[in-house]
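Report on the structure given below.
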Amino acid sequence: GAVVSQHPSRVICKSGTSVKIECRSLDFQATTMFWYRQFPKQSLMLMATSNEGSKATYEQGVEKDKFLINHASLTLSTLTVTSAHPEDSSFYICSARAQGFRDTEAFFGQGTRLTVV
Amino acid sequence: EDQVTQSPEALRLQEGESSSLNCSYTVSGLRGLFWYRQDPGKGPEFLFTLYSAGEEKEKERLKATLTKKESFLHITAPKPEDSATYLCAVGPTGNKLTFGGGTRVLVKP
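If you want it as structure tokens, here you go:
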């Protein structure tokens, strides 16, 4: 199967600092990676889509200067939450679409619980 | 715009009590319907992809079926370890999956 590894699983940071979350595809090359945000008892909300080597496409209402996405290689994408505030506290999940699988299938990381204090 | 509605929002079952979850969708052109399982504090775990009406897939106590307007996830003789949130998604349209709100399943021993 396709494995997506996300790190860290939990992070606590002080208000005003930046936090980086990594998403790696371990056994496949991911041409496209997605970043989602999930609030308690709610479904996944897509934040942005990134393709390797190009700028991310952000969903309406998502601040691209606050949520910096880098997809520098076919196996790694990063999400940096800049100048984090308590309202940024949430569960962030990455997803990757795999070359070699049916082009519609996507696999998810374990998620990162961000708490801003 | 693609839309996905899941029902019920929550489901309480006794161990061994079979039931079905519904996923209704509207999409301009279905390329795939996906079922995922999500445990608390974890990312979604891929279960099934269905591509065309009439298709069925099974995995242990789970069976997913697809029609032109909806999909069902049947849970046969569930066990407590089947407790989770089950997510349905369609797509991708414009490279994106559209998710439903999920069904929270609790199986009591």
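First to last, the protein sequences are chains X and L. Residue 4 is where the first sequence starts when you use the working numbering, and the numbers rise one by one after that. Residue -10 is where the second sequence starts when you use the working numbering, and the numbers rise one by one after that. Note that CB positions come from ideal geometry on N, CA and C, so glycine has one too.
- A direct Cα-to-Cα measurement between Ser(-4)(L) and Tyr25(L) gives close to 15 Å.
- CA-to-CA, the gap between Cys16(X) and Val84(X) works out to about 11 Å.
- When the Cα atoms are used, Ser93(X) and Lys31(L) turn out to be separated by approximately 13 Å.
- In chain order, Leu49 and Thr52 make up the part of chain X whose C-beta sits under 7 Å from the C-beta of Lys85(L).
- Buried is the label assigned to Gln27(L), since at least 16 other Cβ atoms lie within 10 Å of its Cβ.
- With contacts defined as CB atoms closer than 8 Å, Gly89(L) and Thr15(L) fail to qualify as a contacting pair.
- With respect to Ala75(X), Thr20(X) sits apart: the two C-beta atoms are not nearer than 8 Å.
- With contacts defined by Cβ atoms closer than 8 Å, Leu39(L) and Lys48(L) do not form a contacting pair.
- By the criterion of a C-beta distance shorter than 8 Å, Glu34(L) is surrounded in its chain by Tyr25, Arg26, Gln27 and Asp28, once the five residues flanking it on both sides are discounted.
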